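Quick note on the numbering used here: the sequence shown kicks off at 62 and runs consecutively.
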Amino acid sequence: MARVTWNGCCRARILPTTNDEGRTTKMTIGVLALQGDFDAHRKRLEELGAKVVLVRKPEQLDQIDGLVIPGGESSTFLKLLGEKGFEKLKEFVRVKPTFGTCAGAILLAKEVENPKQKGLGVLDIRIRRNAYGRQVDSSIREGTLNGAPIEMVFIRAPKIEHVGPGVEVLATEGNDPVAVRQGRVMAATFHPELSPDTRVHSVFLHLVEKFHL
Ligand code: GLN
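Here you go:
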């Protein structure tokens, strides 16, 4: 499959999930579609009634009310974004609600370990990439979201090692925070899009509603 680069001219497009003429009050959620399991996020969000666009070009960020950055490989995201895409995304995450899962969470973090890596620096956490080692590459575990049990799929998951004072812990697995929020930015180290449960995406949509400009 051809790789779509953030600045690539030819393949980038918005899937026809929006109606450009019809004004609607529905909020539009973008899913960064450079790599990873973006389509699973699209499905979960649509199940909740959101209007979703797959974001493949920096300009598309101007048309959305919130953004999901999916899992994948955070270093590959940085490459595909390029300097221009990275700067545009950095502006976006400072003003509009954004939800990063796994590699997306790594991109949002202020501090990244194993190895150190630059990021958007908008979420006051320290996160360690591939923190569970090779033996437990992926696993499905039960965690807790807002006091209720929830299935969590971990794939080469990072671990949140430290949360700053302004960060709210939304979900835990064992003693570890696995979903957090600071202001309009939310992150999860697991993959909620891979479980048949819309609760985590629903929390994000409420956040988008709350910060809707
Ligand atoms: N290990 C990946 C990284 O470090 C994240 C894995 C994922 O997104 N499932 O970027």
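Glycine included, each C-beta is placed from N, C-alpha and C at the ideal position. Only a predicted model underlies this, so the values are computations on that prediction, with no experimental measurement involved.
Contact check, residue i vs residue j, beta carbons under 7 Å
i	j	result
Ile-186	Pro-219	no
Gln-178	Gly-133	no
Ser-256	Glu-222	no
Val-114	Gly-91	yes
Ala-232	Gly-204	yes
Thr-259	Arg-105	yes
Thr-159	Pro-131	no
Ser-135	Ala-164	yes
Arg-202	Glu-234	yes
Ala-346	Leu-206	Coverage of the chain is limited to positions 62 through 274, which leaves residue 346 absent and any answer about it impossible.
Cβ-heavy atom distance, residue i to the ligand GLN, below 6 Å
i	result
Glu-134	yes
Asn-175	no
Arg-217	yes
Arg-189	no
Ile-167	yes
Ala-94	no
Ala-240	no
Ala-232	no
Ala-10	Because the chain is modelled from 62 through 274, residue 10 falls outside the range shown and cannot be assessed.
Ala-248	no
Ala-277	The shown model of the chain, from 62 to 274, leaves out residue 277, and the question about it has no answer.
Residue i to residue j span [Cα, whole Å]
i	j	result
Arg-245	Val-228	11 Å
Glu-107	Val-269	15 Å
Val-224	Val-261	19 Å
Lys-157	Gly-127	6 Å
Arg-155	Leu-169	10 Å
Lys-171	Gln-243	12 Å
Gly-69	Phe-153	Its pLDDT being 39, under 50, Gly-69 is placed unreliably by the model, and the measurement read from it follows with that caveat. If I take the Cα positions, the gap works out to 20 Å.
His-267	Pro-253	16 Å
Lys-271	Val-239	22 Å
Val-214	Ala-192	15 Å
Leu-141	Pro-210	36 Å
Ala-166	Pro-176	15 Å
Gln-10	Val-173	Past the boundaries of the shown model lies residue 10; the chain is included only from 62 to 274, so the question cannot be answered.
Gly-182	Leu-150	11 Å
Leu-139	Gly-180	8 Å
Ile-89	Glu-120	Rather than Ile, the amino acid found at residue 89 in this sequence is Thr. Near 14 Å, if we compare the C-alpha coordinates of Glu-120 and Thr-89.
Phe-99	Leu-93	7 Å
Asn-236	Lys-87	38 Å
Val-129	His-273	15 Å
Counterpart residues of residue i in DSSP-defined beta bridges
i	result
Gln-243	Val-246
Asp-237	Glu-234
Thr-205	Pro-210 and Thr-233
Ser-23	As displayed, the chain neither begins before 62 nor continues past 274, which places residue 23 out of reach and without an answer.
Lys-112	Thr-89
Ala-267	Note that residue 267 corresponds to His in the displayed sequence, not to Ala. For His-267, which the question treats as bridged, DSSP gives no partner whatsoever.
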